[in-house]
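Below is one structure, written out as structure tokens; the observations come after it.
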Amino acid sequence: MLRGGVPVDLFPFFYTCLTNNKNLAACLEEAQFVDGPALSVLKRARDLIHSGWELEANPLYGNLKPNQQPYRTLVLKSKKGKTGLLVDHYSLQLIESAIAVYSDCKITRVPGDMPEDIDSDYKYVDFTLMEETLKNCGLLRKSLKRTAGR
Amino acid sequence: MTYRIVHYINQFFAGIGGEEKAGVGPESRNGALGPGMAFKAAFGNEAEIVGTVICGDGYFAENMDEAAEKILKMISDLKPDAVIAGPAFNAGRYGTACGAVSEAVSKKLGIPVVTGMYPENPGVDMYRKGIYIVETSDSARGIKDAVPAMAKLIMKSLRGELLGSPADEGYIERGVRVNRFNDRIGAARAVDMLVKKLKGEEFRTEYPMPVFDRVPPAEPIKDMKNAVIALVTSGGIVPKGNPDHIEASSASKYGTYSIAGVQSADEVAYATAHGGYDPTYANTDPNRVLPIDVLREMEKEGEFKKLYDYFFTTVGNGTPVANAKKFGSEIGARLKKDGVDAVILTST
Amino acid sequence: MKLELMKVNVKSVGWGDRTEVLKDGTLKVNKKELLAHVTDEENLKSIGAEIALPGESVRITPVKDAIQPRYKIEGCGQVFPGMVSDVESVGEGKTLVLEGAAVVTCGRIVGFQEGIVDMSGKGSEYTPFSKTCNVVLVFEPQEGIEVYAYEKACRLAGLKAAMYLAKCVYESGGTPDKTETYEIPPFTRSMNAFPGLPKVAYLYMLQTQGLLHDTYVYGIDAKRILPTMIHPNETMDGAIVSGNCVSACDKNSTYVHQNNPVIRSLYERHGKDINFVGVIITNENVTLADKRRSSSYAVKIAGMFGVDGLVISEEGFGNPDADLIMNCHKAEKAGIKTVLITDEFAGRDGASQSLADAAPEANAVVTAGNANMIVVLPPMERVIGFTEYVNVIAGGFDGSLKPDGSIEVELQAITGATCELGFNKLGAETW
Numbered sequence: 001m002l003r004g005g006v007p008v009d010l011f012p013f014f015y016t017c018l019t020n021n022k023n024l025a026a027c028l029e030e031a032q033f034v035d036g037p038a039l040s041v042l043k044r045a046r047d048l049i050h051s052g053w054e055l056e057a058n059p060l061y062g063n064l065k066p067n068q069q070p071y072r073t074l075v076l077k078s079k080k081g082k083t084g085l086l087v088d089h090y091s092l093q094l095i096e097s098a099i100a101v102y103s104d105c106k107i108t109r110v111p112g113d114m115p116e117d118i119d120s121d122y123k124y125v126d127f128t129l130m131e132e133t134l135k136n137c138g139l140l141r142k143s144l145k146r147t148a149g150r
Numbered sequence: 001m002t003y004r005i006v007h008y009i010n011q012f013f014a015g016i017g018g019e020e021k022a023g024v025g026p027e028s029r030n031g032a033l034g035p036g037m038a039f040k041a042a043f044g045n046e047a048e049i050v051g052t053v054i055c056g057d058g059y060f061a062e063n064m065d066e067a068a069e070k071i072l073k074m075i076s077d078l079k080p081d082a083v084i085a086g087p088a089f090n091a092g093r094y095g096t097a098c099g100a101v102s103e104a105v106s107k108k109l110g111i112p113v114v115t116g117m118y119p120e121n122p123g124v125d126m127y128r129k130g131i132y133i134v135e136t137s138d139s140a141r142g143i144k145d146a147v148p149a150m151a152k153l154i155m156k157s158l159r160g161e162l163l164g165s166p167a168d169e170g171y172i173e174r175g176v177r178v179n180r181f182n183d184r185i186g187a188a189r190a191v192d193m194l195v196k197k198l199k200g201e202e203f204r205t206e207y208p209m210p211v212f213d214r215v216p217p218a219e220p221i222k223d224m225k226n227a228v229i230a231l232v233t234s235g236g237i238v239p240k241g242n243p244d245h246i247e248a249s250s251a252s253k254y255g256t257y258s259i260a261g262v263q264s265a266d267e268v269a270y271a272t273a274h275g276g277y278d279p280t281y282a283n284t285d286p287n288r289v290l291p292i293d294v295l296r297e298m299e300k301e302g303e304f305k306k307l308y309d310y311f312f313t314t315v316g317n318g319t320p321v322a323n324a325k326k327f328g329s330e331i332g333a334r335l336k337k338d339g340v341d342a343v344i345l346t347s348t
Numbered sequence: 001m002k003l004e005l006m007k008v009n010v011k012s013v014g015w016g017d018r019t020e021v022l023k024d025g026t027l028k029v030n031k032k033e034l035l036a037h038v039t040d041e042e043n044l045k046s047i048g049a050e051i052a053l054p055g056e057s058v059r060i061t062p063v064k065d066a067i068q069p070r071y072k073i074e075g076c077g078q079v080f081p082g083m084v085s086d087v088e089s090v091g092e093g094k095t096l097v098l099e100g101a102a103v104v105t106c107g108r109i110v111g112f113q114e115g116i117v118d119m120s121g122k123g124s125e126y127t128p129f130s131k132t133c134n135v136v137l138v139f140e141p142q143e144g145i146e147v148y149a150y151e152k153a154c155r156l157a158g159l160k161a162a163m164y165l166a167k168c169v170y171e172s173g174g175t176p177d178k179t180e181t182y183e184i185p186p187f188t189r190s191m192n193a194f195p196g197l198p199k200v201a202y203l204y205m206l207q208t209q210g211l212l213h214d215t216y217v218y219g220i221d222a223k224r225i226l227p228t229m230i231h232p233n234e235t236m237d238g239a240i241v242s243g244n245c246v247s248a249c250d251k252n253s254t255y256v257h258q259n260n261p262v263i264r265s266l267y268e269r270h271g272k273d274i275n276f277v278g279v280i281i282t283n284e285n286v287t288l289a290d291k292r293r294s295s296s297y298a299v300k301i302a303g304m305f306g307v308d309g310l311v312i313s314e315e316g317f318g319n320p321d322a323d324l325i326m327n328c329h330k331a332e333k334a335g336i337k338t339v340l341i342t343d344e345f346a347g348r349d350g351a352s353q354s355l356a357d358a359a360p361e362a363n364a365v366v367t368a369g370n371a372n373m374i375v376v377l378p379p380m381e382r383v384i385g386f387t388e389y390v391n392v393i394a395g396g397f398d399g400s401l402k403p404d405g406s407i408e409v410e411l412q413a414i415t416g417a418t419c420e421l422g423f424n425k426l427g428a429e430t431w
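Below, the structure is given as structure tokens:
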């Protein structure tokens with residue numbers, strides 16, 4: 001508690017992770033697993049944003065496009081003790097943009113529609129892109145490993 | 001070989017009549033009619049108008065899917081190599097019909113089709129991506145320019161020639177991005193653009209940003225129990241008979257109707273004028289689009305203080321953006337003046 | 001700081017007993033020596049070397065990176081500092097360049113690893129590396145090594161090879177055909193030079209999202225930096241190196257970092273209609289807080305420079321678009337005029353929205369083209385690398401690889417096709 005200032009809580013946010021990536025979910029303390037394509041994860045995040053949650057990271061991370069990458073992992077945060085009435089406009093704008101990009105895409109990849117080897121590669125890259133964020137939010141329990149020589 | 005062309009026009013250009021005849025259904029005639037004669041002259045020996053398909057603008061607006069199907073059949077029965085529609089200039093319902101017919105021909109018959117409209121015609125925004133719309137003036141006086149432009153474009157398509165840029169060919173920008181090689185690298189173009197921008201000189205961006213008309217949302221209601229709520233709809237619910245003749249598409253006006261003492265938008269007193277959706281469910285129970293019944297219940301239970309005595313309605317089908325903005329501003333001003341706190345806006 | 005690039009023109013490449021450039025412009029390479037130099041038994045099971053020349057019926061895939069052979073012959077430090085050389089600051093003195101040559105690295109890091117370079121045919125029109133004489137290194141990973149370690153090994157091997165080639169040419173007495181001089185003096189002089197000319201800086205956005213999406217500055221992962229100043233000459237000595245392979249079309253290879261066209265173009269106009277005062281590098285991290293921090297910080301540095309205008313280039317699509325627009329918005333708000341360079345993902349029909357973000361202030365944009373455009377690449381007689389993953393190639397799709405060897409693929413899969421540094425002549429219009 002700072003004297004004469006605003007009380008600073010060391011951990012002011014709750015974090016949650018939405019993902020359709022089984023391998024990533026297994027590395028987290030807890031995750032909301034969404035069984036479906038990337039678009040489902042984005043839509044679930046939109047619901048949370050309307051309930052007051054905010055995006056911690058950009059939903060369009062990674063340079064693989066919707067027709068290439070079946071996995072999406074979103075981290076959202078919510079202020080402790082605050083019930084969401086006010087929607088974070090920037091989060092809403094970002095998630096709607098992301099949904100538009102995914103909806104516009106004619107070919108969509110679904111988890112498991114590729115041979116296991118390649119599918120695991122996608123899961124792995126999804127993990128590596130979100131690893132830093134997950135670690136900083138205290139959600140990461142263990143790391144995901146993958147060998148190149150196969 | 002002489003190409004076979006079918007021409008689509010509305011009841012006015014076919015000489016059947018004006019607004020009073022807008023309800024006539026689709027019909028097919030042999031040869032050219034009305035502006036078709038001007039096209040005949042433009043085509044010379046290369047192509048002939050073998051038939052003209054006509055439909056009333058009102059009929060089309062109120063029965064879009066069914067009319068389009070009928071018209072498509074009439075067109076294909078004439079076995080054309082290509083189709084021309086309109087030109088519709090700035091007539092909203094005519095433009096919507098020409099756009100819809102052209103798109104159907106392109107998708108289902110797979111033959112070249114060209115139409116013509118004034119850029120502000122609502123049909124442009126709705127159909128520009130899928131078809132070629134030649135740019136015309138805003139009234140029929142521009143026919144002498146529209147016809148040769150449309151004729152030239154359809155002949156090019158028939159001959160299998162690749163179409164160039166909108167500026168070259170005279171069609172309205174379709175909004176599709178096409179890759180082209182420049183004579184200089186991107187970085188040089190960028191520095192050049194910056195120098196111009198810094199000097200205050202004119203420059204042209206290579207990618208015009210999409211315009212998002214963002215309206216900041218108002219704060220949520222804190223004291224709902226004392227709030228006055230109003231109903232506004234673009235779903236086209238009107239008193240039965242549509243006394244103010246709000247159009248089934250490209251509405252040029254909105255209606256203001258009293259619901260003082262009205263407990264429900266029942267099917268005896270209300271109906272929909274909207275031509276853009278199947279009206280069956282809305283007409284059976286207009287509360288589905290204009291929920292007066294539910295709001296009255298909530299008003300009785302004290303959930304909010306009062307349901308405003310009037311509702312505002314228009315048809316949100318091919319509405320020109322400018323009109324929508326105008327209606328919104330006027331309705332908003334009136335609601336504010338009368339102390340309304342919040343609006344339930346229903347659309348379809 | 002003054003740097004002279006001593007350019008030796010390379011017109012062809014061939015294997016030989018000694019690594020040197022002959023009078024006719026042929027770069028001869030001692031294959032055994034080259035491979036011994038880059039060998040890395042711990043991480044790489046095998047390294048193959050092949051040659052691909054412009055006009056040949058050759059396809060290289062999957063391409064990881066392209067690097068221009070350079071070697072510092074005078075001045076502090078050595079090329080690719082912090083990577084294969086000491087961390088000392090570079091950008092001054094004299095650097096030998098093998099102009100017209102490139103080292104291209106090729107290897108399967110992950111199954112969808114992509115990047116196609118065709119040396120002839122339709123595909124060659126879109127990649128800068130169909131015009132360079134390429135020494136291609138093909139890697140295979142050692143059994144059981146981590147993907148991270150393999151990526152790093154490939155990256156370092158390519159840089160080593162590039163430096164080795166230029167060093168040998170220098171040591172064999174190779175003489176430059178052309179010398180280019182680049183100089184911007186210290187601020188006390190540069191800020192007051194050319195009064196009346198607007199001050200312009202370059203905001204250089206670097207891809208920094210994670211594995212296969214990273215960039216290194218003096219060997220440091222740019223994800224971890226705060227935006228900072230860098231002298232444009234430092235980029236010419238390989239201070240910025242690519243760890244980015246996805247997606248092929250708009251990933252900035254080390255080659256384009258070394259030959260940054262924005263820096264070249266700004267130097268060209270320097271003293272004529274602008275005063276090119278410097279370069280600011282910034283990142284494209286995934287977390288929103290990082291984006292806000294970096295964009296505010298970068299624009300603040302631009303403000304400290306007192307610039308009138310900023311050229312901003314980005315790398316990637318989606319997430320980076322948010323950074324691009326944020327940088328543009330904050331700069332314009334601070335009274336700095338901006339021009340942006342980006343590429344587009346407008347869908348195969350060109351009808352989708354090209355960028356994931358937008359702002360009315362972004363009224364001056366140069367486009368490197370729509371990366372979703374489909375091209376059909378004719379079959380090539382020789383393939384260097386691996387083709388079994390072409391169907392999975394970013395931009396490719398099922399049925400991409402035809403039985404006759406031709407490939408129907410989006411521009412996205414062609415290395416460097418829509419480079420957002422404005423390296424190519426490709427652009428797009430609205431029709």
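Residue numbers (this note's numbering), protein chains in the order written: chain A, 1 to 150; chain B, 1 to 348; chain C, 1 to 431. Every residue, glycine too, gets a C-beta built ideally from N, C-alpha and C.
Check                                                                                                                    : Outcome
Between the CA atoms of A356(C) and S97(A) - distance to the nearest angstrom                                            : 6 Å
Burial state of T215(C), where buried means 16 or more other Cβ atoms lie within 10 Å                                    : buried
H245(B) in three-state terms, based on DSSP                                                                              : coil
Length of the line joining the Cα atoms of L290(B) and R93(B)                                                            : 25 Å
Extent of the continuous beta strand (DSSP E) run through D364(B)                                                        : No answer is possible for residue 364(B): it lies beyond the span of chain B, which begins at 1 and ends at 348.
Exposure label - P210(B); buried when at least 16 CB within 10 Å                                                         : exposed
Cβ of Q207(C) within 9 Å of any chain B Cβ                                                                               : no
Residues bridged to R70(C) [DSSP beta-bridge criterion]                                                                  : V97(C)
Span of the beta strand (DSSP E), counted from its first residue to its last, around S12(C)                              : 12-15
Candidates G309(C), L44(C), G100(C): closest to M6(C) by CA position                                                     : G100(C)
Residues near R59(C) in its chain [Cβ-Cβ closer than 6 Å; skip 5 each side]                                              : D118, M380, V383
Residue burial classification, P286(B) (beta-carbon count within 10 angstroms, cutoff 16)                                : buried
CB contact check: Q412(C) to chain A, cutoff 9 Å                                                                         : yes
Same chain, Cβ closer than 7 Å to R18(C), five either side skipped, listed in chain order                                : K28, N30, S172
Proximity test, A298(C) beta-carbon vs the ligand PLP heavy atom, cut-off 8 Å                                            : Ligands in the displayed structure: none, and consequently the ligand PLP is not present.
Neighbour flag for L129(A) against chain C, beta carbons, 9 Å                                                            : yes
C-beta neighbour in chain A for S247(C), strict 9 Å                                                                      : yes
Start and end residues, alpha helix (DSSP H) containing S78(A)                                                           : S78(A) -> not in any alpha helix (DSSP H); beta strand (DSSP E) instead, spanning 73-79.
3-residue-minimum beta strand (DSSP E) runs that sit fully inside the region 209-262 of chain C, ordered along the chain : 213-217, 228-230, 240-244
Expected contact under 8 Å - CB spacing of V354(B) and I131(B) to nearest Å                                              : Here chain B comprises residues numbered 1 to 348, so residue 354(B) is not present and cannot be evaluated.
Buried or exposed by the 16-neighbour rule on C-beta atoms within 10 Å, applied to L2(A)                                 : Confidence in L2(A) is poor, its pLDDT being 41 and thus under 50, which makes the residue's placement unreliable; the coordinate value appears in the next sentence. The residue is exposed, with fewer than 16 neighbouring Cβ atoms inside 10 Å.
Bridge partners - P239(B), DSSP secondary structure assignment                                                           : Y270(B)
With 16 other Cβ atoms within 10 Å as the buried cut-off, status of D237(C)                                              : buried
CB contact flag (G56(B), A22(B), <9 Å)                                                                                   : yes
Chain A contacts made by the region 334-352 of chain C, where a contact means CB separation under 8 Å                    : F345, G347, R348, S352
Nearest neighbour of E410(C), chosen from L94(A), R141(A), K77(A), N67(A) [CA to CA]                                     : N67(A)
Beta strand (DSSP E) segments (min. 3 residues) lying fully within the region 41-103 of chain B                          : 47-55, 82-89
C-alpha gap between G332(B) and I246(B), whole angstroms                                                                 : 20 Å
Chain A contact for D321(C) (CB, 9 Å cutoff)                                                                             : yes
Identified DSSP bridge partners for N317(B)                                                                              : N317(B) is not bridged to any residue.
C-beta contact flag for L156(A) and K123(A) at 9 Å                                                                       : Only positions 1 to 150 of chain A appear in this structure, which leaves residue 156(A) out of reach.
Residue range of the alpha helix (DSSP H) that includes V147(B)                                                          : 143-158
Other residues of its chain near D111(A): CB distance less than 6 Å, five sequence neighbours each side excluded         : One detail in the question is off: residue 111(A) reads as Pro in this sequence, not Asp. Cβ neighbours of P111(A) beyond the five flanking positions: N20, P70.
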